[in-house]
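Numbering of the sequence shown is given in the working numbering, commencing with residue -17 and proceeding in unit increments.
Think of the CB as a built atom: it goes at the ideal place given N, C-alpha and C, for glycine as much as any other residue.
All remarks here apply to the structure that follows.
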Amino acid sequence: MQKIAKGLMVLLVSAGLASAHNPPGELFFLFQFPDNAVPTIDGDLSDWSIVPDRPYVIRSDKLYDPAQFHEAGRGELDLSDFNPLHILGWNENFNKLYFANQVFDNIHNTDREDPARHWDDDNWEVEVNPTHLAADEQNLSDEPVNRIAYKWVVPPIEGVYQSLEPIGNLAWLSDGGDFTSYGWSFDGDMFGESTYYYELGITPIAEIPREGATPDNIEIYDLEEEDIIHISINNGDIDAPQSDHAYQGFWGTTPESSNIALNDFVLAPLEEGIDFSATSVEAISWGQLKSSLDK
């Protein structure tokens, strides 16, 4: 389990964790929702209005195109073509992670011929490795899965809109069950210029068997304040029709390729006057930490 004190060491003295996450030396934050204010996962992001902009909102300037479809650098999106925004949260009592994504797109594309090929259309991908493992320790062959990818593409085609990788779409782990909830909505032209809103709520899973997984034989991760977990988020932007399929960009929080969880996300304390004490460096308040990381 990684804690904030070690993450703070990365920031302040550039110690030892660079190999475990990318981009090195950067922390992102999950807003802690009080029990009475956790978001309803329905695609209406008004629940998220209580979240302060700093340090929780991830805008386009923090995003990479790891596949380099147009040789674009970090934050070099054409915002008239594509403009995503992310906010993440968590709740200790319910042991849930929450994700919100708002994305403007000049063309929203869903015309794949095979409904299962979600990567052929505009999609949203969330990778979660709560045990904070390095890339070369995630999802090793013949070992339990420790990183799950939650992938979404809407509107559904033939009822298909989700993909859970690499363990398949287990019914008990899919949308609408106890472990995963997903919602979406949009403004504008469904398949033209529009803004889509995505929400996801999950119970974090530390390990899941590759075969025969049930709710009784998985290891659930117990979220605790100050934990650092690995998450990466990507949006695929495809403007061309299926006959000429090509990404305009695949924008995400890490410069690595997709299907990896490498960003350091801190489970933040409640916002009302809670301080962090960093044991490996001088004590620093939560307000000071937010300010320093957001510059």
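Buried/exposed call for I210, threshold 16 Cβ in 10 Å: With at least 16 other beta carbons inside 10 angstroms of its own, I210 counts as buried.
How big is the Cα-Cα spacing for Y203 and A188? Between the alpha carbons of Y203 and A188 lies a distance of about 5 Å.
Suppose only complete runs of 4+ residues qualify. What are the alpha helix (DSSP H) ranges in the segment 42 to 121, listed by chain order? Within the segment 42 to 121, no alpha helix (DSSP H) run of at least 4 residues lies entirely inside it.
Return the Cβ separation of Y164 and W134 in integer angstroms, given the expectation that the two are a contact with Cβ distance under 8 Å. Yes, Y164 and W134 are in contact; Cβ-Cβ is about 6 Å, under 8 Å.
Which of the three DSSP states is assigned to D198 in this structure? Here D198 carries a coil assignment [DSSP, helix/strand/coil].
Proximity winner among L67, H114 and L9, relative to P186 (alpha-carbon distances): When each option's Cα is compared against that of P186, the closest is H114.
In the structure shown, what three-state DSSP assignment does L27 receive? Assignment of L27 by DSSP, reduced to helix, strand and coil, places it in the helix class.
Return helix, strand or coil for P186, following the three-state DSSP convention. Correct three-state label for P186: coil.
Classification of A131 by the beta-carbon crowding that lies within 10 angstroms, buried from 16 upward: The residue is buried, with at least 16 neighbouring Cβ atoms inside 10 Å.
Best match in L12, L61, P6 and H68 for proximity to I215 [C-alpha to C-alpha]: Its Cα nearest to that of I215, the residue H68 stands out among L12, L61, P6 and H68.
Under three-state DSSP, which class holds L155? If DSSP states are grouped into helix, strand and coil, L155 belongs with the helices.
Please state the DSSP three-state secondary structure of T162. Residue state for T162 is assigned as strand, using DSSP reduced to three classes.
Give the single residue among S156, E193 and T235 whose Cα lies nearest to the Cα of I40. Comparing Cα-Cα distances from I40 to each of S156, E193 and T235, the minimum goes to T235.
To the nearest angstrom, how far is the alpha carbon of I256 from that of D93? Because the pLDDT of I256 is 31, which lies under 50, any placement of that residue in the model is unreliable, and the question is left without a value.
Buried or exposed (CB count within 10 angstroms, at least 16 for buried), G269: In this prediction, G269 has a pLDDT of 49, which is less than 50 and means its spatial position is unreliable; nothing more can be read from the coordinates.
Which residues share a DSSP beta bridge with E208? Partner residues in a beta bridge of E208, as assigned by DSSP, do not exist.
By a C-beta neighbour count over all protein chains shown, 10 Å radius and 16 as the cutoff for buried, is P197 buried or exposed? Residue environment analysis places P197 among the exposed positions, since fewer than 16 neighbouring C-beta atoms fall within 10 angstroms of its C-beta.
For a test of the three-state rule: what should DSSP assign to A131, helix, strand or coil? Here A131 sits in strand by DSSP.
What separation, rounded to the nearest whole angstrom, lies between the Cα atoms of S352 and R129? Residue 352 cannot be examined here, being either before or after the span of the chain that is shown, -17 to 277.
Considering only the beta carbon of each residue, do P251 and E181 sit closer than 9 Å? E181 is positioned such that its CB atom lies no closer than 9 Å to that of P251.
Just the C-alpha distance for L70 and E238, rounded to the nearest angstrom, thanks. Approximately 20 Å, taken between the alpha carbons.
Quick one: what does DSSP say I242 is sitting in, helix, strand or coil? Reduced to three states, the DSSP call for I242 is coil.
Quick one: is N199 buried, meaning 16 or more other Cβ sit within 10 Å of its Cβ, or exposed? Counting every other CB atom within 10 Å of its CB across the protein chains shown gives N199 a total below 16, marking it as exposed.
Use the C-beta contact count for A117: other C-beta atoms within 10 angstroms, 16 or more gives buried, fewer gives exposed. Classification for A117: buried.
Where does the unbroken beta strand (DSSP E) through Y38 begin, and where does it stop? No beta strand (DSSP E) holds Y38; the alpha helix (DSSP H) holding it covers D35 to Y38.
Could you tell me if A19 is buried or exposed, where buried requires 16 or more neighbouring beta carbons within 10 angstroms of its beta carbon? Under this definition A19 is an exposed residue.
Bridge partners - F11, DSSP secondary structure assignment: The partner list for F11 (beta bridge, DSSP) reads V248.
Check the C-beta distance from F10 over to G231 and give it rounded, since I have them as a contact under 8 Å. Not a contact, Cβ separation roughly 20 Å.
Straight-line gap, P21 to E58 (C-alpha atoms, nearest Å): The alpha-carbon separation between P21 and E58 amounts to approximately 31 Å.
In angstroms, rounded to a whole number, what distance separates the CA positions of P97 and D221? So the alpha carbons of these two residues sit roughly 17 Å apart.
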